[in-house]
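Residue numbers (this note's numbering): 76 to 435.
Here a beta-carbon is modelled for each residue, glycine too, at the ideal position from N, C-alpha and C.
Below is one structure, written out as structure tokens; comments come after it.
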Amino acid sequence: MLNKQFLEIKSKKKINLLNFNLQKMINFVLQLGEKKFRAIQIMEWIYKKNCINFKNMNNLNSSLQEKLKKTSIIQLPQCINELKSIDGTIKWNFLFNTEFIETIYIPEKKRATLCISSQAGCVLGCKFCATGKLGYTRNLLVSEIIGQIWYAIDKINQYRNRNHILSPIKNIVMMGMGEPLLNLKNIIIAIDIMLHKYGFNFSKNKVTLSTAGLVPAINKIAGKIDISLAISLHASNDYIRNMIMPINKRYNIKMLLSSVRNYLKKSTANRGVVTIEYVMLLYVNDYKHHAKELACLLKNIPCKINLIPWNTIKNSSYKCSNYNRITTFCEYLKSKGFVIMIRKNRGSDIQAACGQLTGI
């Protein structure tokens, strides 16, 4: 029976092992006629030792190495360009089949954040976002999501070994191209690999999923996924949010915040606090009465608020709120007891800042 399964695997297109979490890897090696502990060994080579060459996995016997070479590959995304910002931000452009995807490395003094993409394009069409103007092409595979992280960690390690002063990647944010909750099946497996001790072994407090507000999906993952959650709110009332985020016409603010409360009841990540993202658009959502509305909306939700100065994109009529309007907005919310910060503008000179990603 095992030989038949092995022959069936051989007859198919080679399998990219970056698509497998531990359970899927165990199932795979059992089909090859191997013991389940081999799955752990393979995972450790890929994620602990950054090894993707079967020949170098020297605790695997030659028979298993041969089976792996015949049935599978460990295929990374193809990087076609690397851009470095004056502030240290790095943008990698990847080619997946015919789609271009971007991944962003954002360094701080002692740690760095990696912003990864989950889709080619985006279907949601948020008016202030360059990715939303592209339209939707497809969901990324698990291997394409995980491959971004693997590539970035390996590349930064190479730079650090050459005495480049670069901070290690400690945080993963799913805030790149696409809406993660529209690619839920693959995102769940990818998150498992990010968190698992035989995967990347990130803390659940250091992995953040950002969503524009797919209420059914937020409700679905509550109690199943326990990582930090960020909500792209960007408006203090439905009238404005309907204008700038079409998804709000289907799932309004009340529905969205209800799903957030439900998620937080079942989550201990990030100390049970949700991050509220709020882009600052001049004369659109940045008046003091909007700050008052926002305070009322969020008064019973454990949260921290990120105010995001809008980053310029092509063919848009929006402008970023000026410094005085942003600080006035911020100070009002502080006075109401909210934890709030104004996000730094990072990587805008290479079109790598929030809302600027287009894949090219």
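In the three-state DSSP reduction, K324 falls in the helix class (H, G or I).
Of the candidates G200, N168, N345, I161, I161 places its Cα closest to the Cα of P182.
Bounds of the alpha helix (DSSP H) holding A366 are 363-373. Contact between I266 and F275 does not hold, since the beta-carbon distance rounds to 10 Å and is not under 8 Å.
Here K159 is bridged, per DSSP, to I165.
For the options R235, N172, N232, the alpha carbon positioned closest to that of R213 is the one of N172. About 11 Å separates the beta carbon of L372 from that of L408, a gap too long to meet the 8 Å contact definition. For F175, the enclosing beta strand (DSSP E) has its first and last residue at 174-182. Going by DSSP, P377 is part of no beta strand (DSSP E) at all; its letter is neither H nor E. If you draw a straight line from the Cα of F413 to the Cα of P255, it comes to about 27 Å.
The stretch 241-250 makes contact with the stretch 278-290, as at least three CB pairs between them are under 8 Å. Runs of the beta strand (DSSP E) spanning 3 or more residues and lying entirely within the stretch 189-221 occur at 194-196, 211-214, in chain order. The stretch 393-400 makes no contact with the stretch 337-352, as fewer than three CB pairs between them are under 8 Å. Under the three-state reduction of DSSP output, E352 falls in the strand class.
Counting of Cβ neighbours within 10 angstroms places P291 among the exposed residues, the total staying below 16. The residue from K340, L92, I176, N134 with its alpha-carbon nearest to that of S147 is L92. Ranking F103, L304, S192 by CA distance to the CA of K166 puts S192 first. 8 Å or more divides the Cβ of S307 from the Cβ of A344. Between A195 and I176, the C-beta spacing is below 8 Å.
According to DSSP, Q153 shares a beta bridge with L170. C405 is not a Cβ neighbour of I319, given a cutoff of 8 Å.
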